[in-house]
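With positions in the sequence shown counted from 1, the corresponding number in the working numbering is that position plus 17. Here a beta-carbon is modelled for each residue, glycine too, at the ideal position from N, C-alpha and C. What follows is a single structure, written as structure tokens, with notes after it.
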Amino acid sequence: MSEASGGVRSNAVDRVLPLLDRPPAEPDVSRGYLDLLGEGARPHDTFAQRLMRSGFLPKIYEDLWRPVMFGVFKGPLGPDIEEEYALARDWLDLAAIPDGTVLDVACGPGNITRALAAGMTGHGLVVGIDAAATMLDRAVADTARPSPRGENGAADVAYVRGDAADLPFGDGTFDAVCCFGGLYLFDDPWAAVDGITRVLKPGGRAVFLTTRRPDVPVIGMGSSVLGRLAGIRMFGADDLCYALRGRGFAGLRQRSYGLMQFVGATRG
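Pasting the structure below:
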């Protein structure tokens with residue numbers, strides 16, 4: 018089996034091309050992922066986005082940054098990382114789509130992408146998309162290595178450098194979509210939800226992990242101010258559920274922990 022630069026299987030990247038709404042004539046896979054942005058991309062320039070694009074954060078994201086920061090936001094009663102992965106696989110019902118196509122929006126260094134692949138028993142495809150080249154470099158490298166936690170399941174894993182808020186895929190392309198820890202960073206999160214709805218097949222499932230603004234006025238106001246300073250949107254407890262219902266989703270599920278919430282739904 019041939020390999021792309023960085024060790025990600027080239028046939029996995031090849032499987033992504035038919036999913037694009039405008040496949041490039043000369044795909045750039047020189048760094049092991051399909052780059053649709055190139056050097057001329059203009060990223061959002063908030064503190065949080067600059068941090069995500071840095072060379073430092075990808076090195077500590079999976080083992081230190083995410084467990085610590087998300088743990089603080091979720092509070093002592095929130096699920097740990099492995100429980101988050103299990104929840105995503107369960108709410109997306111990956112066992113029912115062993116050969117399906119799954120999208121991980123704002124995938125970062127690929128930790129969720131690989132966890133989703135681990136939940137698929139057939140020859141499915143899990144695609145991670147992110148705009149940060151440094152994050153994707155780490156994702157490609159980590160996906161190429163055997164994982165001591167048993168990630169990298171039977172499904173193929175491929176990565177795309179693209180705008181997660183303006184998804185470059187065709188309509189009704191994916192059986193399931195996951196967006197864990199990304200929606201609150203988008204300049205227009207509702208446009209991103211529109212994009213997720215568009216690329217999800219009817220009957221497909223979506224799951225989100227995002228922020229939650231507490232109902233306690235003083236705490237809620239303080240979290241919103243801090244969020245704006247850092248470039249992080251704090252969603253109201255019902256904002257995302259309301260938005261999904263308005264886009265035809267049904268079967269909504271929600272769990273809230275501290276300043277975070279999990280929301281899952283099925284596209285009608």
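Cutoff 7 Å; reference residue i; Cβ partners in own chain excluding five residues on either side
| i | result |
| --- | --- |
| C196 | V122, A123, I213 and F225 |
| L104 | P96 and F279 |
| S273 | R229 and A254 |
| G220 | T283 and R284 |
Beta-carbon separation (whole angstroms), residue i vs residue j, contact threshold 8 Å
| i | j | result |
| --- | --- | --- |
| G275 | G92 | 3 Å |
| A156 | G145 | 6 Å |
| A290 | D205 | The structure shown has nothing for residue 290, since the chain only spans 18 to 285. |
| L111 | L133 | 7 Å |
Cβ pair residue i, residue j closer than 9 Å
| i | j | result |
| --- | --- | --- |
| A254 | Q278 | yes |
| A171 | I114 | no |
| L222 | L51 | Checking the sequence, you will find Arg at residue 222 rather than Leu. For R222 and L51, no; Cβs fall outside 9 Å. |
| L303 | F203 | Since the first residue shown for the chain is 18 and the last is 285, residue 303 is missing from the structure and cannot be characterised. |
| M251 | R230 | yes |
| T118 | L34 | no |
Where residue i sits in the DSSP three-state scheme
| i | result |
| --- | --- |
| Y50 | coil |
| T190 | coil |
| G136 | coil |
| G268 | strand |
| L276 | coil |
| G281 | strand |
| L37 | strand |
| I249 | coil |
| P44 | coil |
| F90 | helix |
| L202 | helix |
| G127 | coil |
| G95 | coil |
| D31 | helix |
Own chain, CB closer than 8 Å to residue i, minus 5 neighbours either side, in chain order
| i | result |
| --- | --- |
| G32 | The sequence given here has Arg at residue 32, not Gly. L142, D173 and A175, listed in sequence order. |
| F266 | T214, A223, A282, T283, R284 and G285 |
| W207 | A260 |
| Y201 | T227, T228, G244, I249, R250, M251 and F252 |
For residue i, the residue or residues it bridges with in DSSP
| i | result |
| --- | --- |
| C195 | D121 and V224 |
| L142 | T118 and D173 |
| L217 | F191 |
| R5 | Outside the displayed range of the chain (18 to 285) lies residue 5, so it cannot be described from this structure. |
Residues near residue i in its chain [Cβ-Cβ closer than 6 Å; skip 5 each side]
| i | result |
| --- | --- |
| G281 | W108, V224 and R270 |
| D116 | G139, H140 and G141 |
| P154 | For the sequence presented, residue 154 should be read as Asp rather than Pro. So no residue of the chain qualifies. |
| L184 | G212 and V216 |
| R106 | G136 |
| D188 | R215 |
Cβ of residue i within 9 Å of any chain E Cβ
| i | result |
| --- | --- |
| T138 | Within the model displayed, chain E is absent; a lone protein chain is all it includes. |
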